[in-house]
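Quick notes on the structure that follows.
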Amino acid sequence: MIAVVTTMTTEVPAPDRVTQEDIEEAARRKELIIRWISRISGYVVVLGLWEWASGAVLEENLLPGPTRVLQTAVELFQDGKVFPAFGASLSRILLGVFLSFIIGSMIGIITQNRWFSGFFKDAITIGLTSPGLIWVLITALVFGNRWFGPILAIILTTFALVSVNVAEGIGSLPKDTLDMARAFKVNLVDRNRHIVIPHLAPYLFTGLRFSFSIGWKVTVLTEIFTASSGIGFELRIAQILFRQDEVLTWILLFFVFALFLEKVVLQAIEDRFFRWRKEIAST
Amino acid sequence: MAEIKIRNLHKEFGTGADKVVALEDVNLDMGGHVFVSIVGPSGCGKSTLLNILSGIETPTSGSLEITQSGHKAAPGYVFQAARLLPWRTVMDNLLFVQQDKSDETRARCQKYLEMVQLGDKGDKFPGELSGGMQQRVGIARAFSIEPDVLFMDEPFSHLDAITARSLRRELHTMWADTGKTIIFVTHDVGEAVELSNRILVFAQGGRLEDDITVDLDFPRDAADEEVAIAKASVLRKFEEFDLLAT
Ligand SMILES: Nc1ncnc2c1ncn2[C@@H]1O[C@H](COP(=O)(O)OP(=O)(O)OP(=O)(O)O)[C@@H](O)[C@H]1O
Ligand SMILES: [Mg+2]
Chain A
0 MIAVVTTMTT EVPAPDRVTQ EDIEEAARRK ELIIRWISRI SGYVVVLGLW
50 EWASGAVLEE NLLPGPTRVL QTAVELFQDG KVFPAFGASL SRILLGVFLS
100 FIIGSMIGII TQNRWFSGFF KDAITIGLTS PGLIWVLITA LVFGNRWFGP
150 ILAIILTTFA LVSVNVAEGI GSLPKDTLDM ARAFKVNLVD RNRHIVIPHL
200 APYLFTGLRF SFSIGWKVTV LTEIFTASSG IGFELRIAQI LFRQDEVLTW
250 ILLFFVFALF LEKVVLQAIE DRFFRWRKEI AST
Chain B
0 MAEIKIRNLH KEFGTGADKV VALEDVNLDM GGHVFVSIVG PSGCGKSTLL
50 NILSGIETPT SGSLEITQSG HKAAPGYVFQ AARLLPWRTV MDNLLFVQQD
100 KSDETRARCQ KYLEMVQLGD KGDKFPGELS GGMQQRVGIA RAFSIEPDVL
150 FMDEPFSHLD AITARSLRRE LHTMWADTGK TIIFVTHDVG EAVELSNRIL
200 VFAQGGRLED DITVDLDFPR DAADEEVAIA KASVLRKFEE FDLLAT
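Right under this line is the structure:
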């Protein structure tokens, strides 16, 4: 579809043909530039204030500036401390979220039954509302620094999110579409594969996504209390040694990593599996 | 050729005060190369009858049998709404209902997409199409399995007049060429008279009120005197049974 905008609305002939696409493209580019400039200026302002405050407002030992933190980050990388710590935390999170996903999904499925629904109702409400800190404290008290303490804390804080989403997905299964498939004699395997699972996928994904972001917080918290490895553990050690620069470095690295997972990894998964929604959104 | 045999078919929804009788003691034989239209007021059980015939619903009592030269017939169904899989492209929606997914099948699906003027939309998602286009995909899907018997539930009622007209022609040609059995629900008596050689009139409460044979040559044109007379006589039956009021 090509509309010659200028020549159609005015008498002046356009030097080049300006198509609708060109106009949209230019608008898109402008939008992108504005977005990035505002984003970068956000960083510049915060980092600038921080650098200034370090020394001017608080002593440099209490609040090391960003340049100092960057130096420490480089040192920590060189000492080979960063990857093992992240590896330890990440493996806890992955295992915890995985188990929570399985358990939460199973509960979501069996609560379709009226009896089980009553059975789990309050547990799910509590699971949804209670802050992760409670489970962190309890599991820390009960299990000390044994490996499944943090895992259990993750499961307890996130299973309800998964089961609520799964239950909602099952409750909204498209009966009309399933009936259609039955009328056309599509077999059960294909009906599940092409209707039930794609329908549930966004619900599962939402549950997984929230579990993951909560899983991070809970894991780092448990590590601060009990573990002998991981980001939380490093934070605790840095704090005990009064290495404020290291504390800030770990926190910053944590931010960077969380952003990376959210914006790159999860986004890529979403784009890959939910392309059909994008296509709809763009029309 | 498909043979449909319905005996004492009864269908109720709900119980107690909520009970709704959708079909009451329906007896019917339909079969061979026949185009049957079902007309009647809204809520008289037309969709329910198709749902039972296609196996989506089970009857409360009574029996039915659909056979194709001895074995179970393969049905196609065009629903009142398109019922596509939103996460599959148009072509994949057609392939979804096929027994095999060979290149030959794919070519056949393409042929029917072209028949409904959507030959270039195979790789679009349903959400990118208009409502009428989605409905046409639903029609292509039912045709693409080349069923022994085809159930159609007001397939053209959401389409513009011109598209509907050309699809009616296609449908008639396909029916004439392939010798299928077509059961076609419509609320448009003119459409029923134009397409079918048999018209079943249902009344509120799911009773089969009348069974009309339309014995005119095809193709029929609404402007033809005989067709107009046939239409008028079916409409008179409607008045007779007091169906227009409901
Ligand atoms: N799943 C259901 N549960 C309860 N009642 C139903 C159900 N399906 C249909 N009915 C009822 O059965 C009756 C017949 O419905 P049906 O959909 O067959 O009517 P119809 O003739 O197709 O109407 P329309 O022309 O409006 O499509 C209606 O009273 C309807 O309310
Ligand atoms: Mg209906």
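Just so you know, the sequences run in chain order A and B. Using numbering that gives the first Met the number 0, the letters of the first sequence map in sequence onto residues 0 to 282. Using numbering that gives the first Met the number 0, the letters of the second sequence map in sequence onto residues 0 to 245. A virtual CB, placed ideally from N, CA and C, is assigned to each residue, including glycine.
Neighbourhood of residue i by C-beta, 6 angstroms cutoff - its chain only, sequence neighbours within 5 removed
| i | result |
| --- | --- |
| P146(B) | A73, P74, G75 |
| V77(B) | G137, I138, A141, M151, P154 |
| T59(B) | H9, K10, E11 |
| A163(B) | F155 |
| R235(A) | I223 |
| G231(A) | V219, E222, I223 |
| N164(A) | Y202, T205, G206 |
| R219(B) | E193, V226 |
| W134(A) | A152, L155, T156 |
| K120(B) | V89 |
Spatial neighbours of residue i in its chain, beta-carbon cut-off 7 angstroms, leaving aside the 5 residues before and after
| i | result |
| --- | --- |
| P130(A) | none |
| L177(A) | R190, I194 |
| T245(B) | Residue placement at T245(B) is flagged as unreliable, the pLDDT there being 45, under the threshold of 50; a coordinate-derived value is accordingly withheld. |
| F273(A) | P201 |
| V161(A) | S99, F100, G103, S104, G107, G206, S210 |
| S212(A) | none |
| K4(B) | D28, L63, E64 |
Heavy atom of ligand 2 within 8 angstroms of residue i beta-carbon
| i | result |
| --- | --- |
| Q19(A) | no |
| E153(B) | yes |
| Q79(B) | yes |
| V184(B) | yes |
Neighbourhood of residue i by C-beta, 8 angstroms cutoff - its chain only, sequence neighbours within 5 removed
| i | result |
| --- | --- |
| K216(A) | G131 |
| K179(B) | A1, H32, P146, D147, V148, L149, M173 |
| L158(B) | G131, Q134, R135, L166 |
| A16(B) | none |
| T9(A) | The predicted model places T9(A) with a pLDDT of 47, which falls under 50 and marks its position as unreliable, so this point remains unresolved. |
| N7(B) | D24, V25, N26, S60, G61, S62 |
| V3(A) | Low per-residue confidence applies at V3(A): pLDDT is 45, beneath 50, and the placement is therefore not dependable enough to give any value. |
Task: Neighbouring residues (CB closer than 5 angstroms to any heavy atom of ligand 1) - done: F12(B), V19(B), A21(B), S41(B), G42(B), C43(B), G44(B), K45(B), S46(B), T47(B)
Open item on the list: Along the region 184-216 of chain A, where does the CB come closer than 9 angstroms to a CB of chain B? Name the residues.
Closed with: K184, V185, D189, H193, I194, P197, H198, A200
Open item on the list: If the cut-off is 9 angstroms on Cβ atoms, which residues from the region 223-242 of chain B count as contacting chain A, listed in chain order?
Closed with: none
Open item on the list: Whether or not the region 155-174 of chain B and the region 91-110 of chain B are in contact is what I'm after, with contact meaning three or more pairs of Cβ atoms, one per stretch, closer than 8 angstroms; do they touch?
Closed with: no
Open item on the list: At a CB distance below 7 angstroms, what residues from the region 91-114 of chain B approach chain A? Give them in sequence order.
Closed with: If the cut-off is 7 angstroms between Cβ atoms, the region 91-114 of chain B has F95, V96 near chain A.
TODO: Could you say if the region 46-63 of chain B and the region 177-192 of chain B meet the contact criterion of at least three C-beta pairs nearer than 8 angstroms?
DONE: yes
Open item on the list: Does the contact criterion of 3 or more C-beta pairs under 8 angstroms hold for the region 62-72 of chain A versus the region 237-251 of chain A?
Closed with: yes
Task: Interfacial residues, the region 117-142 of chain B to chain A, with Cβ spacing under 7 angstroms - done: F124, G126, E127
Open item on the list: Across the region 135-145 of chain A and the region 115-126 of chain A, are there enough close Cβ pairs to call them in contact, namely three or more that are closer than 8 angstroms?
Closed with: no
- [ ] Taking only beta carbons into account, state which residues of the region 155-187 of chain A come closer than 8 angstroms to chain B, listed in chain order.
- [x] D175, T176, D178, M179, A180, R181, A182, F183, K184, V185
TODO: Taking a Cβ distance cut-off of 8 angstroms, strictly less, list which residues of the region 9-28 of chain B are near chain A, in chain order.
DONE: Residues passing the 8 angstroms Cβ filter: none.
Task: Near-chain A residues of the region 38-57 of chain B (beta-carbon distance less than 8 angstroms), N- to C-terminal order - done: N50, S53, G54, I55
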